[in-house]
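This report refers to the structure that appears directly beneath it.
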Amino acid sequence: MRKHGAVRFLREDDLDAVCRIYNHYVLGSVISFEEDAVSSAEMARRVQAHPALPWRVLESAEGALCGYAYASPWKARAAYRYSVECSVYVDPAQVRRGYARRLYQCLFEDLREAGMRTVIAGIAQPNAASVALHEAFGFRKVAHFERVGFKFGRWVDVAYWQLDLHD
């Protein structure tokens, strides 16, 4: 294992830690538009819903889960089968250590190997750190929707970035 941890595929015993990380953002930010905490059982259902798409986790040298990234279908219709949406979440105590970048590097390689073409990232605005991360990978902004989410008593914009994995 690397000094700063290793990226590996998600295991079932990671789900509690994944929920702990995700629920921090659900309950305390507009990064996720969910409003209620997600259970491990619900997270397992989400993972199992698309078994061909990867979920990656970053585990510290001590064995703690520091973050995770995954891909989900962009749309349900067949013609979208080579397009996915990506997400990455890092434990709030572990941010700004390059973990999201490492997770995405592995995830995007998995997606290339799986024959995916397009990766889309929806980012609640403003979120300069997430925009910078995605643009560092070559994502380009393709859309901005105003006031499409309502959370914590305020309207939230969402912008979309797109990456062609074969450019």
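In UniProt numbering, the protein residues as written are 1 to 167. Glycine is no exception: its CB is placed at the ideal position from the N, C-alpha and C atoms. None of these values were measured; they are calculated from a predicted model.
Ordered list of beta strand (DSSP E) runs contained in the segment 29-90, each at least 3 residues: Runs of the beta strand (DSSP E) spanning 3 or more residues and lying entirely within the segment 29-90 occur at 55-59, 65-73 and 83-90, in chain order.
Residue from L58, V88, Q162 and V26 whose Cα sits closest to the Cα of V142: Translated into the one-based positions of the sequence shown, residue 142 becomes position 142. The candidate whose alpha carbon is nearest that of V142 is Q162.
For Y22 and G67, believed in contact at Cβ under 8 Å, the rounded distance: Within the sequence shown, the letter at position 67 stands for residue 67. Within the sequence shown, the letter at position 22 stands for residue 22. Not quite, the Cβ-Cβ distance comes to about 10 Å (not below 8 Å), so this is no contact.
Contact check, A124 vs V90, beta carbons under 7 Å: Counting from 1 along the sequence shown, the entry for residue 124 is found at position 124. Counting from 1 along the sequence shown, the entry for residue 90 is found at position 90. In this structure, V90 does not lie closer than 7 Å to A124 by Cβ.
Same chain, Cβ closer than 7 Å to H144, neighbours up to 5 away in sequence not counted: Numbered from 1 along the sequence shown, position 144 holds the residue referred to as residue 144. Here the set comprises D157 and A159.
Sub-7 Å separation of V65 and V88 beta-carbons: Taking the first residue of the sequence shown as position 1, residue 65 is located at position 65. Taking the first residue of the sequence shown as position 1, residue 88 is located at position 88. According to the sequence provided, residue 65 is Leu. The question's Val does not apply to it. Pairing L65 with V88 gives a Cβ-Cβ distance that is not under 7 Å.
Paired residues, beta bridge with R154 - DSSP: For the purposes of this step, residue 154 is identified with residue 154 of the sequence shown, where counting begins at 1. Paired residue(s): K151.
Exposure label - M1; buried when at least 16 CB within 10 Å: Within the sequence shown, the letter at position 1 stands for residue 1. Note that M1 has pLDDT 46, beneath the 50 cutoff, so the model's placement of it is unreliable and the number below is only indicative. Looking at its Cβ environment, which holds fewer than 16 other Cβ atoms inside 10 Å, M1 is exposed.
Nearest candidate by alpha-carbon position, reference S29, set R154, E62 and L10: By one-based count along the sequence shown, residue 29 stands at place 29. Taking only the C-alpha atoms, the option nearest S29 is R154.
Among H4, V18, F33 and T118, the one whose alpha carbon lies nearest that of A79: Here residue 79 refers to the residue found at position 79 when the sequence shown is read from its first residue. For A79, the nearest C-alpha among the options comes from T118.
Coarse secondary structure for D167, derived from DSSP in three states: Residue numbering aside, residue 167 sits at position 167 when the sequence shown is read from its first letter. It is coil, neither helix nor strand.
Close beta carbons around S40, own chain, < 7 Å, minus the five adjacent residues each side: Translated into the one-based positions of the sequence shown, residue 40 becomes position 40. Contacts found: L15, D16 and C19.
Closer than 7 Å to chain C by CB, N23: Protein chain content of the structure displayed is limited to a single chain, and chain C is not contained in it.
Cβ shell of R147 (< 6 Å), same chain only, five flanking positions each side left out: One-based indexing of the sequence shown puts residue 147 at position 147. Contacts found: W155.
C-beta contact flag for A69 and V84 at 7 Å: For the purposes of this step, residue 69 is taken as the residue at position 69 of the sequence shown. For the purposes of this step, residue 84 is taken as the residue at position 84 of the sequence shown. No, the pair does not count as a contact, with Cβ atoms beyond the cut-off.
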